[in-house]
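> The following block contains the structure, expressed as structure tokens.
Numbering (our numbering), first residue to last: 1 to 285.
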């Protein structure tokens with residue numbers, strides 16, 4: 001028996017569940033599931049099966065369904081249990097609750113009502129893929145699912161184009177080829193990785209520039225749960241001499257701030273970096 005029955009303080013406990021391999025559950029998560037007064041889940045069957053695998057008894061408790069389509073009634077039941085001083089455990093179908101999964105409304109309402117909100121953390125497809133992708137991890141942006149329609153999808157990609165970090169997306173196998181092709185068109189041929197079926201039997205990671213990934217998906221379609229990762233935009237190579245020359249010209253008749261903005265936009269460089277150089281040039285002149 002891996003779980004322990006423990007005394008839980010009243011409050012809301014978000015519980016991370018495995019994204020594939022059932023043994024990726026944490027011991028603390030099993031303790032919370034075994035001990036909470038009230039259980040809730042995005043998918044009641046998935047949580048019941050997970051508890052059966054690990055020998056965690058329901059003990060007469062029923063699992064309350066709480067998902068994007070359950071409405072305010074289910075949330076009200078859980079908030080009522082919290083108001084009664086009970087411990088409530090909530091698990092999404094796979095991974096961390098709230099990460100492209102339900103739970104945000106419940107978390108906010110519970111916190112606003114003054115209840116304790118905590119988490120038994122664990123597996124996350126986004127973090128797992130970031131570890132495997134071979135792309136920079138010092139800064140990243142989780143963008144979730146892109147829109148279904150091509151026009152809306154490209155517009156969203158344009159909004160994300162200048163983010164200075166690795167981009168992380170979730171995608172379905174039906175749309176992934178179109179999404180990767182749009183990424184190549186809008187973001188440019190950046191290094192990327194397609195991770196699928198993480199922690200499962202057919203786990204696969206394809207690392208290649210976006211154009212190559214798109215071509216590969218035409219020849220070898222994929223199935224299963226997919227995470228796409230795309231490298232950040234690379235700063236254009238501009239010589240310091242050219243940059244200083246352009247700034248000197250822009251400073252004629254413009255403020256330091258405006259000159260820096262003009263040159264930064266001209267070369268696609270961060271404004272802050274150009275502004276510091278503009279300040280120095282203005283000081284020296």
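Note that the Cβ used here is the ideal one computed from N, Cα and C, for glycine as well.
Please read these numbers as outputs of a predicted model, since none were measured by experiment.
Please confirm whether residue 288 and residue 74 have their CB atoms less than 8 Å apart.
With the chain covering only 1 through 285, there is no way to say anything about residue 288.
> Classify residue 152 as buried or exposed, calling it buried when 16 or more other Cβ atoms lie within 10 Å of its own Cβ.
With fewer than 16 Cβ atoms within 10 Å of its Cβ, residue 152 is classed as exposed.
> If distances are taken between C-alpha atoms only, which option among 15, 67, 76 and 61 comes closest to residue 121?
Minimum Cα distance to residue 121 is reached at 15.
> Taking Cβ to Cβ, would you say residue 95 is nearer than 8 Å to residue 123?
Result yes, Cβ atoms of residue 95 and residue 123 sit closer than 8 Å.
> Quick one, are the C-beta atoms of residue 93 and residue 52 less than 8 Å apart?
In this structure, residue 52 does not lie closer than 8 Å to residue 93 by Cβ.
> Within the same chain, show all residues whose beta-carbon is closer than 6 Å to that of residue 312, passing over the 5 residues directly before and after it, in chain order.
One cannot answer for residue 312 here, as it falls past the ends of the chain, which runs 1 to 285.
> Of the residues 134, 147 and 130, which one's Cα is nearest the Cα of residue 303?
Examination of residue 303 is not possible in this model, given that the chain is present from 1 through 285 alone.
> Residue 115 and residue 56 look like a contact to me (Cβ under 8 Å); what is the Cβ gap, rounded to whole Å?
Actually they do not touch by this definition, with Cβ atoms about 24 Å apart.
> Out of 136, 248, 6 and 245, which has the shortest C-alpha to C-alpha gap to residue 191?
Out of 136, 248, 6 and 245, 136 has the C-alpha closest to the C-alpha of residue 191.
> Ends of the alpha helix (DSSP H) at residue 87?
It is not in any alpha helix (DSSP H) - residue 87 instead sits in the beta strand (DSSP E) that spans 87 to 91.
> For residue 225, which of 11, 61 and 194 has the nearest alpha-carbon?
Of 11, 61 and 194, the residue nearest in Cα terms is 194.
> Assign residue 315 to one of two classes, buried (16 or more other C-beta atoms within 10 Å of its C-beta) or exposed (fewer than that).
Nothing in the structure corresponds to residue 315, since the chain is present only between 1 and 285.
> Taking DSSP as the reference, what is the three-state secondary structure of residue 73?
Residue 73 falls in the helix class under three-state DSSP.
> Pick from 118, 223 and 25: whose alpha carbon is nearest that of residue 173?
For residue 173, the nearest C-alpha among the options comes from 223.
> Does the separation of the CB atoms of residue 175 and residue 148 fall below 8 Å?
Yes, they are a contact pair.
> According to the neighbour-count rule (16 or more other Cβ atoms, all chains shown, within 10 Å of its Cβ), is residue 7 buried or exposed?
Exposed: under 16 other Cβ atoms inside 10 Å.
> Need the endpoints of the beta strand (DSSP E) that residue 145 sits in, please.
Element bounds for residue 145: 140 to 145.
> Pick out whichever of 271, 87, 12 and 111 has its Cα sitting closest to the Cα of residue 37.
Looking at the Cα atoms, 87 is the closest of the given residues.
> Quick one: residues in its chain with C-beta nearer than 8 Å to the C-beta of residue 171, no 5 flanking neighbours on either side, listed in chain order?
Counting only Cβ-Cβ distances below 8 Å, and skipping sequence neighbours, we find 145, 146, 179, 226, 227 and 228.
> Quick one, which of 165, 72, 91 and 219 has its alpha-carbon nearest residue 291's?
Limits of the chain in this structure are 1 at one end and 285 at the other, which puts residue 291 out of reach.
> In terms of alpha-carbon separation, which member of 35, 231, 13 and 27 lies closest to residue 5?
If we check each option's Cα against that of residue 5, 35 comes out closest.
> Can you list, in chain order, the residues of its chain whose CB lies under 8 Å from that of residue 150, leaving out five sequence neighbours each side?
Excluding residues within five positions, the ones whose Cβ falls inside 8 Å are 178 and 182.
> Quick one: what's got a C-beta closer than 8 Å to residue 166's C-beta in the same chain, skipping five residues either side?
Same-chain partners within the cutoff: 130, 133, 135, 136, 137, 139, 140, 141, 229, 230, 231 and 232.
> Comparing alpha-carbon positions, which option in 11, 155, 85 and 199 lies nearest residue 17?
Closest option to residue 17, Cα to Cα, is 199.
> Who are the near neighbours of residue 216 in its chain, counting only those whose CB is closer than 8 Å to its CB and skipping five residues on each side?
So the list reads 206 and 208, once near-sequence residues are dropped.
> Can you say whether residue 169 is buried or exposed, counting buried as having 16 or more other CB atoms within 10 angstroms of its CB?
Counting Cβ neighbours within 10 Å, residue 169 comes out buried, since at least 16 surround it.
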